[in-house]
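*Asks:*
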Amino acid sequence: MGYFVYKPDKAGYINRFLTTKTFTKPQEFRKATLSGKVNEWLQKGFAIHENPCRKEFIAGRAAEVPPYMDISRYTMEEEIQVFGQNRKLSVYYPFGNQGVDFSEFYPNPTYLRCYSFVYIFSDAEEPDAGFQVETCGGVTLWAEDELVTDFIPFTRNECKKTEVSIHLRAGLNKVTVCLDDLAERDTDYYFRLRYLGTGSLKLYLPVPDDTAVEDMGRIEQAMEDMYFEKETYISEPVILHLNNPLERELDLTVSYKPVADKIWHGERLQVTKAYRMKKGESEIRLFDADDVIPGFYYFQVSAGVSPAGAGSAGVSSADAGGVTASRKIAVQVFHRSLMEKRESTIQERKWEALRYLVDVEVENVYKAAALLWTAEGQSAERAAAWEKAERIILEELNGIRARKDCSDFHLIVVLQIWKRFHEKLSAKVQEAIKETILNFRYWIDEPGNDVMWFFSENHALLFHICQYYGGKFFEEEYFSSSGLDGKAQSAKAERLLDGWFEDFFREYITEWNSNAYIPVDVLGLCGLYNLSEKGDKRNQAAEKALNMIFRDLAVNEHKGTIMTSFGRSYEKESKGNYTAGTTSLLYIAYNLGYLNRAALAYISFALGDYEPPAEYRKYTALKPGQELIYEKTQGYRSHVNLYLYKNSQVQLSTAVLFHPYCAGYQEHIMQATLDAGAQMYVTHPGEVQPYGNGRPNYWAGNGSLPLAVQYRNLGILSYRIPENHPVSYTHAYVPLMEFEDYLGTAHTAAAKKGGGYIGVRSLNPIVMQKKGPCRNRELISEGRENVWLIKVGTTEEYCSLEDFVKSLEEISVRWKSRECLEVRDSDLGVLEASEQGLTADGK
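Under the working numbering, think of the first position of the sequence shown as 38, with each following residue one higher.
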């Protein structure tokens, strides 16, 4: 037996283990109802809506400690079985993580359990060595086969901590950890073990005798440094830069799939390919961008070493009984053909969008609808399209019947299919749709044991529409979850819809401007517009709400994208703007942006005849010399104050004074934009590693929210990061490859593209990341307290990039008091920012 030997990380975290990874077991609970108000979780936190199934789970789990498994007795070639699933031990490679993290999304209630162990080597005996245990989930910890703690806070997606003592003997000490939890939708699932003492510890991981330990260290370092040269590959080879560190060939496997809306068997979209790198090679050509469907892609890259004499090309080192390191990385892929523009009407662009979905979309209900709407005549081609659509519908209905989270996103389209085609569908499909509609759970007062999310405005809207028209289509039938007939079901839903629109017209969108969630509102509102009769109150309400949204899309549009402050954001939206849903909505509505695969965003829009008022076009594509300032307050209980400045070249947007210095979630506070790729924004990372699953994660959202204000083309961000947060720095997203020119100094960075400039300045020094996946796109500024300025400008205002940088550096910044920040700018005057607001020259 050989060993990998490591030290704890610099903060004392024991982040190297041999692990089984996660065993999963679907869960059934007693059906129960929920209570609560839509959107209030955005002010009070998502934990306020605890599913009854979690309470039931905790009660059962508290009475039964997970069985101890001495996984140290297994070799890496042997399989360990739990819940009928087999796993081999693998080395957990943290790549910057401070613990063992297997966070993931689970659309149905699922019990999770994994086992991990490590040998901790201590130079001397320490009878009461102090350790801190942190977890999202529950942690059962054994030392030398003896139970130390069963720490089970089970506060969903909220990290909890405790301290324990372990008797460390001089020499090797076996520590085994069981991590378990109930997964509900997005699930933070990790543990961290931190040594609090002052002794010198080492971590020993047993591996097969013939493992090339030094080679594996080189492979890990190579994967630590791998990167994509670009953030978006457009009709060109997609190349992963990764050095082969060995004196021989290196085998890798790369698994990838696009972000896609498929409610059943989404795993089928995953592609896994084997690659062999020659000695000295430093890049892998994964594929050509035009050979895959456009989208934001996550890649899992795996490489390792096999025991002597084992393995062959196309066989992973893990499958051959060896050691493998695996790391996630992401990039956007797009097609140049989608960027070609021509004059057309909205209805022509809607038809183009439906035909595009027929050609390229994954097999989901959106594609099925496109197939049915575009099938013409009595040809064999039409018959084939119809048959394919019915097959897709039957498969998708399985996911809706299983009440997978986001089932409502798909059922709304099934209802539109039913309204138009139910008499033409086969008897089998008719019966399957009817059965699904009658047995669906439509609201929180209907008993259920699923984890569907009801409490955001977009989900609530979709559930109410589906309930209303499900009842309308089957007025005399019995609905099993509510116990009502169709008439009563519709009457109930009508009251809920009336309340929803009353709130919407008073408060508007709480998850403001969100590239991820405005599309869902449009999916529902256009669906309602299509399902309702012209002139009735539901049709009128849908049209009024859609007009509000499409006016905002026009106001916030810049160079064919919506890249502003967001109420909720994901990395795929903040970086993947060619493939965002709002980009496709802008294309269809205004012939701006680009057509893409964001079917959820535009399927209902394309299936109907709603058109936004032509007058809204005046807010888009500003001409030279024009500028627009847009201020508004919106959302649940006047949730957020928004400020937007734009002209023909640049745009800057801010959520003003949004919960300054409080813990963040997925809020994107300030955004500066030149075009779909050339942008800058500042965040406090919510987690320590890029491409994690956290909410907030490394680039989307903030671990700690800043005090943020904006006046015209200048934004101000003040950060005060709590001492207990694991990330002690802030950073700016500055993708250099997207700009024509760049200039950086010790505290300032600015870039130019076309006729615009964007710049950032930090009171603390800044350093451009030059290694790893964030190289040449991340400016890091150490310090828990910091002030950032973000400024936009045009070449008409500043003759050169040097002049623009000079204007940033000449801004005076000082704290008049702990509460008041003074900023003096030669163009804007004296600005004072505090938690009470912003003044400009005393106003």
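Every residue, glycine too, gets a C-beta built ideally from N, C-alpha and C.
Between the Cα of threonine 657 and those of Ile330, Leu623, Glu724 and Asn614, spot the shortest distance and give me the residue it belongs to.
*Replies:* When each option's Cα is compared against that of threonine 657, the closest is Leu623.
*Asks:* Distance, Cα to Cα, glutamate 513 vs alanine 579?
*Replies:* Answer to the nearest angstrom: the Cα atoms are 27 Å apart.
*Asks:* With burial defined as no fewer than 16 other Cβ atoms inside 10 Å of the residue's Cβ, what is the status of serine 517: buried or exposed?
*Replies:* Answer is exposed; the Cβ neighbour count stays below 16.
*Asks:* Where does the unbroken alpha helix (DSSP H) through leucine 836 begin, and where does it stop?
*Replies:* One detail in the question is off: residue 836 reads as cysteine in this sequence, not leucine. From DSSP, cysteine 836 is part of no alpha helix (DSSP H); its letter is neither H nor E.
*Asks:* Return the chain-ordered ranges of every beta strand (DSSP E) run that is complete within the stretch 652-691 and spans a minimum of 3 residues.
*Replies:* List check, beta strand (DSSP E) in window: 664-671 and 677-684.
*Asks:* Could you name the residues that DSSP lists as bridge partners for cysteine 151?
*Replies:* Cysteine 151 pairs with Leu216.
*Asks:* Would you tell me roughly how many angstroms separate the C-alpha atoms of glutamate 822 and alanine 783, rounded to the nearest one?
*Replies:* Spanning the two alpha carbons is a distance of roughly 17 Å.
*Asks:* Do the CB positions of alanine 870 and isoleucine 795 come within less than 8 Å of each other?
*Replies:* No, the pair does not count as a contact, with Cβ atoms beyond the cut-off.
*Asks:* Per DSSP, what kind of secondary structure is glutamine 169 in: helix, strand or coil?
*Replies:* The answer is strand: DSSP assigns glutamine 169 an E or B state.
*Asks:* If you reduce the DSSP assignment to three classes, tell me which class glycine 561 lands in.
*Replies:* Helix, per DSSP.
*Asks:* Determine, using beta-carbon pairs with one atom in the stretch 242-256 and one in the stretch 462-481, whether at least three such pairs fall under 8 Å.
*Replies:* Output reads no: the stretch 462-481 does not touch the stretch 242-256.
*Asks:* Report yes or no: do the stretch 365-376 and the stretch 620-638 share at least 3 C-beta pairs separated by less than 8 Å?
*Replies:* Contact holds: three or more Cβ-Cβ distances are below 8 Å.
*Asks:* Do phenylalanine 446 and leucine 560 come within 8 Å of each other at the CB atom, strictly closer than that value?
*Replies:* Contact: yes.
*Asks:* So, is glycine 236 buried or exposed, given that buried needs 16 or more other C-beta atoms within 10 angstroms?
*Replies:* Exposed, because fewer than 16 other Cβ atoms sit within 10 Å of the Cβ of glycine 236.
*Asks:* Are there 16 or more other CB atoms within 10 angstroms of the CB of glycine 121, so buried, or fewer, so exposed?
*Replies:* Counting Cβ neighbours within 10 Å, glycine 121 comes out exposed, since fewer than 16 surround it.
*Asks:* CA-CA distance, lysine 211 and aspartate 182?
*Replies:* Rounded to whole angstroms, lysine 211 to aspartate 182 spans 8 Å at the Cα level.
*Asks:* Compute the beta-carbon to beta-carbon distance between asparagine 486 and arginine 67, rounded to the nearest angstrom, for a pair I have assumed lies under 8 Å.
*Replies:* Asparagine 486 to arginine 67, Cβ: 7 Å. Contact.
*Asks:* With a CB to CB cut of under 7 Å and the five nearest residues on each side skipped, what residues in its chain are close to leucine 845?
*Replies:* The answer, listed in chain order, is Thr785, Ala787, Gly796, Arg798, Leu826 and Lys828.
*Asks:* Within 10 angstroms of its Cβ, does glutamine 686 collect 16 or more other Cβ (buried), or is it exposed?
*Replies:* Glutamine 686 should be labelled buried.
*Asks:* Using a Cβ distance threshold of 8 Å, determine whether the stretch 582-597 contacts the stretch 644-652, with at least three qualifying pairs required.
*Replies:* With a cut-off of 8 Å, the stretch 644-652 and the stretch 582-597 count as touching, because enough Cβ pairs lie within range.
*Asks:* Alpha carbons only, please: which of Thr382, Val399, Leu216 and Gly791 is nearest the one belonging to glutamate 304?
*Replies:* The shortest Cα separation from glutamate 304 among Thr382, Val399, Leu216 and Gly791 belongs to Val399.
*Asks:* If we require 3 or more residues per run, which beta strand (DSSP E) segments fall completely within the stretch 60-102?
*Replies:* Within the stretch 60-102, the complete beta strand (DSSP E) runs of at least 3 residues are 60-63.
*Asks:* According to DSSP, is tryptophan 537 helix, strand or coil?
*Replies:* Of the three classes helix, strand and coil, the one that applies to tryptophan 537 here is helix, per DSSP.
*Asks:* If you follow the beta strand (DSSP E) that tyrosine 226 is part of, which residue opens it and which one closes it?
*Replies:* Here tyrosine 226 belongs to no beta strand (DSSP E), and DSSP marks it neither H nor E.
*Asks:* Does the beta-carbon of aspartate 246 have 16 or more other beta-carbons within 10 angstroms, so that it is buried, or is it exposed?
*Replies:* So aspartate 246 ends up on the exposed side.
*Asks:* How is glutamine 705 classed by DSSP in three states: helix, strand or coil?
*Replies:* Here residue 705 is histidine; the residue named in the question, glutamine, does not match the sequence. In this structure, histidine 705 counts as strand in the three-state DSSP scheme.
*Asks:* Alpha carbon to alpha carbon, how far is alanine 407 from alanine 638? Give it in angstroms, no decimals.
*Replies:* If you take the alpha carbons of alanine 638 and alanine 407, they lie about 14 Å apart.
*Asks:* Could you give the residue range of the beta strand (DSSP E) that holds alanine 367?
*Replies:* It spans 360-371 - the beta strand (DSSP E) in which alanine 367 sits, taken as one unbroken run.
*Asks:* Just checking, does the stretch 417-436 make contact with the stretch 527-534 on the three C-beta pairs under 8 Å criterion?
*Replies:* In short, these stretches do not touch, since the Cβ pair count stays below three.
*Asks:* Using beta-carbon positions only, say whether threonine 172 and threonine 61 come within less than 8 Å of one another.
*Replies:* No, these two residues do not count as a Cβ contact at 8 Å.
*Asks:* Could you give the uninterrupted runs of the alpha helix (DSSP H) lying entirely in the stretch 567-642, keeping only those of 4 residues or more?
*Replies:* Whole alpha helix (DSSP H) segments, 4+ residues: 574-593, 608-612 and 618-627.
*Asks:* Would DSSP call tryptophan 179 helix, strand or coil?
*Replies:* Strand at tryptophan 179.
*Asks:* Is tyrosine 653 a contact residue of the ligand SAH, with contact defined as CB to any heavy atom under 7 Å?
*Replies:* Absence of the ligand SAH is noted for the structure shown, with no ligands found whatsoever.
*Asks:* I'd like the list of long-range same chain contacts for histidine 501, defined as Cβ closer than 7 Å, with 5 residues on each side in sequence excluded.
*Replies:* Excluding residues within five positions, the ones whose Cβ falls inside 7 Å are Ala530, Leu533, Leu534 and Trp537.
*Asks:* For threonine 411 and leucine 391, which I take to be in contact (beta-carbon distance under 8 Å), what is that distance rounded to the nearest angstrom?
*Replies:* Indeed they touch by this definition, with Cβ atoms about 5 Å apart.
*Asks:* Out of curiosity, what's the CA-to-CA distance linking glutamate 494 and phenylalanine 94?
*Replies:* Going from the Cα of glutamate 494 to the Cα of phenylalanine 94 covers about 28 Å.
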